[in-house]
Amino acid sequence: SIREYAVFLLKKHTDFNIAEFYKQNLDSTKTVWAIAGIGENGSENDAELLLPFLESDNPKIIKWTVWSLNNLTGSLYEDIYWKLLFSENISSSKAAYKAIVKSKIRYGSETIYNNLINAANNNNIKIYLINILCQNEDSWERLPFLLKILRLSICPEKNKRIIMAINGRNPYKKISPVLEKQIRSEIALAGAKTPENISFSRFSKLLQTIELELKFVCR
41 SIREYAVFLL KKHTDFNIAE FYKQNLDSTK TVWAIAGIGE NGSENDAELL LPFLESDNPK
101 IIKWTVWSLN NLTGSLYEDI YWKLLFSENI SSSKAAYKAI VKSKIRYGSE TIYNNLINAA
161 NNNNIKIYLI NILCQNEDSW ERLPFLLKIL RLSICPEKNK RIIMAINGRN PYKKISPVLE
221 KQIRSEIALA GAKTPENISF SRFSKLLQTI ELELKFVCR
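The sequence shown lines up with residues 41 to 259 when you count with the working numbering.
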């Protein structure tokens with residue numbers, strides 16, 4: 041972008057402190073611009089300056105504050121991202137979702153599943169949670185919950201994405217007998233009904249393959 045190129049030239053040819061300039065503009069009419077600038081040019085130490093802006097009534101300010109915090113500190117504010125994920129404001133929720141995925145933050149498969157059940161009436165949140173479960177969580181820890189989501193038809197439009205995640209199992213992982221029991225229990229229940237948008241033969245073969253792999257991955 042033009043702004044990025046301008047920053048590059050200033051850093052290369054002058055001693056101008058870009059981050060300090062943006063800090064001085066935080067309380068101006070260009071707050072959003074300043075927050076984004078700190079996110080691009082600041083350091084982890086600047087993050088605390090941005091935290092108060094999460095209380096703003098302006099969704100755009102919250103969105104860019106989340107982006108900047110994530111850019112500067114990665115997963116440090118994972119609790120904040122989790123809380124904002126369930127915000128009624130679509131922009132704030134989406135910003136939190138992007139931060140969680142970008143930093144590959146893990147909240148635990150069971151936690152995600154339980155919140156998914158509670159978010160039954162919010163399709164955006166359901167999709168975000170399923171994507172986080174599919175992308176961030178351990179391939180075997182998430183497996184019984186993914187099978188349960190398919191069985192209960194919680195979000196049929198994500199069934200193919202869920203199958204892809206199930207197929208992404210780590211062959212070198214060692215799992216506990218407790219997790220093995222959970223998975224086998226879900227396999228037994230899953231076999232009674234083929235998920236929407238998935239062929240019977242493909243799904244049956246998948247369940248059989250998982251059962252075979254369990255013999256090798258269980259401790």
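Heads up, the beta-carbon is just placed ideally off N, CA and C, and yes, glycines get one too.
Apart from the five residues just before and just after residue i, which ones in its own chain have a Cβ nearer than 6 Å to its Cβ?
i    : result
R182 : S149, L173
I165 : A159
A139 : V106, N110, Y121
L261 : Only positions 41 to 259 of the chain appear in this structure, which leaves residue 261 out of reach.
Which value, in whole angstroms, describes the spacing of the CA atoms of residue i and residue j?
i    : j    : result
F240 : L247 : 11 Å
N162 : N129 : 12 Å
S179 : A205 : 7 Å
S225 : F185 : 11 Å
N154 : V141 : 19 Å
T105 : I238 : 40 Å
N110 : L116 : 8 Å
K103 : A160 : 24 Å
A135 : R259 : 39 Å
R191 : A228 : 11 Å
V72  : I120 : 19 Å
R242 : E236 : 12 Å
P196 : T151 : 21 Å
L252 : S244 : 13 Å
S132 : A76  : 15 Å
L219 : R201 : 22 Å
D123 : N199 : In the sequence on display, residue 123 carries Lys and not Asp. Roughly 26 Å separates the two Cα atoms.
P92  : E80  : 18 Å
P211 : L254 : 10 Å
K193 : E95  : Inspection of the sequence shows that residue 193 is occupied by Ser rather than by Lys. Between S193 and E95, the C-alpha separation is close to 36 Å.
S127 : F256 : 42 Å
In chain order, what residues of the same chain have a beta carbon less than 7 Å from the beta carbon of residue i, not counting five sequence neighbours either side?
i    : result
Y137 : L125, Y168
R146 : N176, E177
K144 : N176
G82  : A59, L112
I208 : For the record, residue 208 in the displayed sequence is Gly; it is not Ile. Same-chain partners within the cutoff: S179.
Taking 8 Å as the limit between beta carbons, can you name the residues of its chain near residue i, skipping five residues before and five after?
i    : result
I78  : A59, Y62, K63, L66, D86, L89, L90, S108, L112
I250 : L183, I206, R209, I223, I227
List the residues that DSSP assigns as beta-bridge partners of residue i.
i    : result
I215 : C258
Q) Does the stretch 208-220 touch the stretch 229-243, meaning 3 or more C-beta pairs lie closer than 8 Å? A) Taking one beta carbon from each stretch, the stretch 229-243 and the stretch 208-220 have fewer than 3 pairs nearer than 8 Å; the two do not touch.
For this session: Assess, as a yes-or-no matter, whether the stretch 59-69 is touched by the stretch 97-104 under the definition of 3 or more beta carbon pairs within less than 8 Å.
Result: The stretch 97-104 makes no contact with the stretch 59-69; the number of CB pairs closer than 8 Å stays below 3.
| said: Please give the ranges of any alpha helix (DSSP H) in the stretch 80-106, keeping only runs that are unbroken, at least 4 residues long and fully inside the region. | reply: Here the runs fully enclosed are 87-90.
Quick one: which unbroken alpha helix (DSSP H) runs of 4-plus residues sit fully inside the stretch 97-151? Chain order, please. Entirely contained in the stretch 97-151, the alpha helix (DSSP H) runs reaching 4 residues are, in chain order, 99-113, 118-125, 130-142.
Counting only runs that start and end within the stretch 150-208, where is the beta strand (DSSP E) found for 3 or more residues in a row?
Under the rule that a run must span 3 or more residues, no beta strand (DSSP E) segment is found entirely inside the stretch 150-208.
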